[in-house]
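Okay, so here's the structure we're looking at.
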Amino acid sequence: MTILGSTGSIGQSTADLLLRNPDGFEVEALTAYRNPQRLAEQARALRARFAAIADSDHYPALKEALAGTGIEAACGTEALIEAALRPAELVMAGIVGAAGLAPTLAAIRRGAIVAFANKEVLVCAGGLVMQEVTRCGATLLPVDSEHNAIWQCFDLDRADTIERIILTASGGPFRERAFEEMRAVTPQQAVAHPNWSMGAKISVDSATMMNKGLELIEAHHLFRLPPERVDIVVHPQSIVHGAVVYRDGSVLAQLGSPDMRTPIAYALAWPGRIETPAKRLDLAAIGRLTFEPPDEHRFPALRVAREALIRGGGCPTVLNAANETAVHAFLEGRIGFLDIVDTVERTLGAIPEGELESLDDVYNFDRTAREIAARFSTLRNSKPPTATADLS
Ligand SMILES: NC(=O)c1ccc[n+]([C@@H]2O[C@H](COP(=O)([O-])OP(=O)(O)OC[C@H]3O[C@@H](n4cnc5c(N)ncnc54)[C@H](OP(=O)(O)O)[C@@H]3O)[C@@H](O)[C@H]2O)c1
Numbered sequence: 100m101t102i103l104g105s106t107g108s109i110g111q112s113t114a115d116l117l118l119r120n121p122d123g124f125e126v127e128a129l130t131a132y133r134n135p136q137r138l139a140e141q142a143r144a145l146r147a148r149f150a151a152i153a154d155s156d157h158y159p160a161l162k163e164a165l166a167g168t169g170i171e172a173a174c175g176t177e178a179l180i181e182a183a184l185r186p187a188e189l190v191m192a193g194i195v196g197a198a199g200l201a202p203t204l205a206a207i208r209r210g211a212i213v214a215f216a217n218k219e220v221l222v223c224a225g226g227l228v229m230q231e232v233t234r235c236g237a238t239l240l241p242v243d244s245e246h247n248a249i250w251q252c253f254d255l256d257r258a259d260t261i262e263r264i265i266l267t268a269s270g271g272p273f274r275e276r277a278f279e280e281m282r283a284v285t286p287q288q289a290v291a292h293p294n295w296s297m298g299a300k301i302s303v304d305s306a307t308m309m310n311k312g313l314e315l316i317e318a319h320h321l322f323r324l325p326p327e328r329v330d331i332v333v334h335p336q337s338i339v340h341g342a343v344v345y346r347d348g349s350v351l352a353q354l355g356s357p358d359m360r361t362p363i364a365y366a367l368a369w370p371g372r373i374e375t376p377a378k379r380l381d382l383a384a385i386g387r388l389t390f391e392p393p394d395e396h397r398f399p400a401l402r403v404a405r406e407a408l409i410r411g412g413g414c415p416t417v418l419n420a421a422n423e424t425a426v427h428a429f430l431e432g433r434i435g436f437l438d439i440v441d442t443v444e445r446t447l448g449a450i451p452e453g454e455l456e457s458l459d460d461v462y463n464f465d466r467t468a469r470e471i472a473a474r475f476s477t478l479r480n481s482k483p484p485t486a487t488a489d490l491s
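So the working numbering is basically just the index in the sequence shown, starting at one, shifted up by 99.
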């Protein structure tokens with residue numbers, strides 16, 4: 100297999116499972132953005148054949164760290180595409196953001212099985228990506244815990260018997276905060292997720308609940324369901340990850356402790372199963388599972404994402420690009436927490452709607468949205484919180 104984004108949270112969990120199952124997999128290629136040391140360590144440990152780093156400034160360090168190993172090193176966006184094109188049966192799409200679009204599409208276009216974590220790819224270009232999946236005979240295996248749960252319960256041969264699907268949301272670290280109190284939260288507070296350990300960008304998305312909005316769009320494409328048949332329910336314990344409601348009233352749900360190695364393992368071993376060290380559920384010790392509707396007044400991101408999906412065309416692309424830009428600005432301390440979704444909504448309002456007919460359209464909407472969102476991010480009156488950190 101190949102891991103795109105091997106140095107990230109999803110990539111490291113995947114690598115961990117591969118090291119625990121040394122006879123089950125051979126590793127073709129690994130990629131990173133700007134962490135040559137971790138990439139080289141992984142490439143050695145997993146005996147990869149090829150290691151690609153996107154930021155060429157870090158190529159000399161990668162080459163040096165791999166000297167004498169026989170592992171081929173390369174750099175730049177073309178090298179990421181080469182990693183995706185090399186002959187691995189299974190590709191983990193674990194890059195964060197729309198930066199994963201080109202390499203993930205390269206894997207799809209050669210008909211690979213793609214374990215799919217990189218949700219922004221489906222948000223920014225879902226219709227086109229799904230067309231390519233069908234045209235090229237590729238297979239997408241959902242890795243996002245909610246979508247993986249639904250996949251485990253979804254009778255693909257009898258999709259007509261399915262009424263709706265349910266995505267659960269933890270509610271993030273500020274689930275119980277008043278709206279005004281969230282104005283002052285810092286990046287450190289926003290990335291401290293109560294249940295899951297994840298990369299900085301998805302942690303902030305969970306705190307604003309934009310993550311659930313992105314997942315609504317992802318679910319719409321993966322399961323080919325209209326947004327009104329995708330329910331969102333807040334479930335603070337993160338034990339029930341997703342459910343499928345059948346037309347006879349049966350609801351099938353998947354449960355597990357919040358550890359990404361379980362959904363990743365399901366994708367790696369599909370249609371079989373492999374062992375993972377994930378903590379086993381002790382339902383009696385947990386005692387109580389609670390559910391509540393999302394509060395779209397305090398967390399408007401879900402509404403903004405749903406509206407973008409319904410408006411269609413380039414709107415989801417704009418939503419994603421503006422969100423990536425605003426989250427980045429927040430993590431750098433340039434804007435406040437509440438400015439993130441506000442920036443996304445204002446960017447959506449500033450760009451004329453248009454159809455998404457080609458990848459050029461995707462890149463045009465994406466570029467324009469990033470420019471406009473960056474401009475909104477520098478015109479803030481509200482003072483961002485003082486504590487900042489390099490959380491990328
Ligand atoms: N983490 C989770 O538990 C989780 C759960 C469900 C879904 N997801 C989704 O999985 C994806 C990855 O999330 P994550 O939490 O693993 O993110 P992460 O920890 O930030 O890791 C991101 C990976 O992508 C690489 N990368 C970042 N920017 C890049 C660029 N411009 N070009 C090429 N590579 C780049 C990073 O390389 P460097 O390390 O060198 O920067 C790293 O390998 C996201 O789409 C996220 O929404 C994550």
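Idealized CB from N, CA, C, for every residue including glycine.
Fair warning: this is a prediction, and the values are worked out from it, not measured in the lab.
Exercise for review: Pick out whichever of A277, A214 and A197 has its Cα sitting closest to the Cα of D465.
Suggested key: A197
Exercise for review: With hydrogens ignored, establish whether the beta-carbon of M359 is closer than 7 Å to any heavy atom of ligand 1.
Suggested key: yes
Point to revise | Beta-ladder partner(s) of G341, from DSSP | key: Answer is L266 and Q353, bridged to G341.
Point to revise | N217 beta carbon less than 8 Å from that of M309 | key: no
Review point. Which one of V126, D304 and G199 has the shortest CA to CA distance from A187?
Key: For A187, the nearest C-alpha among the options comes from V126.
Review point. What residue ranges within the stretch 225 to 280 form continuous beta strand (DSSP E) runs of no fewer than 3 residues, ordered along the chain?
Key: Secondary structure in the stretch 225 to 280: the beta strand (DSSP E) runs of 3 residues or longer, each lying completely within the stretch, are 238 to 241 and 261 to 268 in chain order.
Point to revise | Boundaries (first-last residue) of the alpha helix (DSSP H) holding A166 | key: For A166, there is no enclosing alpha helix (DSSP H), as DSSP marks it with neither H nor E.
Check your understanding: Looking only at its own chain, which residues have a Cβ that is under 8 Å from the Cβ of P484, when we skip the five neighbours before and after it?
Key -> Because the pLDDT of P484 is 44, which lies under 50, any placement of that residue in the model is unreliable, and the number read from its coordinates should be weighed accordingly. These residues qualify, in order along the chain: A283, V284, T285, P286, G432, G435 and F436.
Review point. Heavy atom of ligand 1 less than 7 Å from the Cβ of G270, yes or no?
Key: no
Practice item. Could you tell me the distance, in whole angstroms, from the CA atom of V164 to the CA atom of L129? Key: In the sequence as presented, Val is not what sits at residue 164; that position holds Ala. Approximately 14 Å between the Cα atoms of the pair.
Practice item. Determine the direct distance from the alpha carbon of H246 to that of D330, and round the result to whole angstroms. Key: 12 Å
Review point. Pick from Y462, D460 and L447: whose alpha carbon is nearest that of I471?
Key: Here the closest residue by C-alpha is L447.
Exercise for review: For the alpha helix (DSSP H) containing F436, list its first residue and its last residue.
Suggested key: Per DSSP, F436 belongs to the alpha helix (DSSP H) from F436 to A449.
Practice item. Can you grab the Cα-Cα spacing for the pair L455 / P272, in whole Å? Key: Cα to Cα, L455 sits roughly 35 Å from P272.
Point to revise | Candidates Q141, Q136 and G123, of which the one nearest G110 by Cα | key: Q141
Practice item. Tell me, please, which residues DSSP counts as bridged to F149. Key: DSSP, once it has assigned bridges, lists A128 and E171 as partnering F149.
Review point. DSSP puts L458 in a beta bridge; with which residues?
Key: None, per the DSSP bridge assignment.
Check your understanding: Starting from T424 and walking both ways along the beta strand (DSSP E), at which residues does that stretch end?
Key -> Unbroken run through T424 is the alpha helix (DSSP H), C414 to L430; no beta strand (DSSP E).
Review point. Do C223 and P415 have their CB atoms nearer than 8 Å?
Key: Remark: C-beta atoms of C223 and P415 approach each other more closely than 8 Å.
Exercise for review: Confirm the yes/no value for this check: CB of A400, any heavy atom of ligand 1, distance under 7 Å.
Suggested key: no
Exercise for review: Could you name the residues that DSSP lists as bridge partners for V303?
Suggested key: According to DSSP, which records beta bridges pairwise, V303 is partnered with nothing at all.
Practice item. Might you give, ordered along the chain, the residues of its own chain that have their beta carbon closer than 7 Å to the beta carbon of T467, omitting 5 neighbours on each side? Key: I450
Point to revise | Backbone secondary structure at E177 - three-state DSSP | key: helix
Point to revise | the stretch 351 to 370 contacting the stretch 301 to 315, beta-carbon criterion three pairs below 8 Å | key: no
Review point. Would you say L138 and S105 are within 8 Å of each other, going by their C-beta atoms?
Key: Annotated as proximal: L138 and S105, with beta-carbon spacing under 8 Å.
Check your understanding: Cβ-heavy atom distance between E219 and ligand 1 below 7 Å?
Key -> yes
**Study point:** Counted within 10 angstroms of its Cβ, other Cβ atoms place L418 as buried (16 or more) or exposed
**Key:** buried
Check your understanding: Of the residues R208, D256 and S244, which one's Cα is nearest the Cα of L234?
Key -> With the sequence shown as reference, residue 234 is identified as Arg, and Leu is not the correct amino acid for it. Residue R208 is the option with its Cα nearest to R234.
**Study point:** Span of the beta strand (DSSP E) around M309
**Key:** Taken as a continuous stretch (DSSP letters only), M309 belongs to no beta strand (DSSP E), being part of the alpha helix (DSSP H) at M309 to L321.
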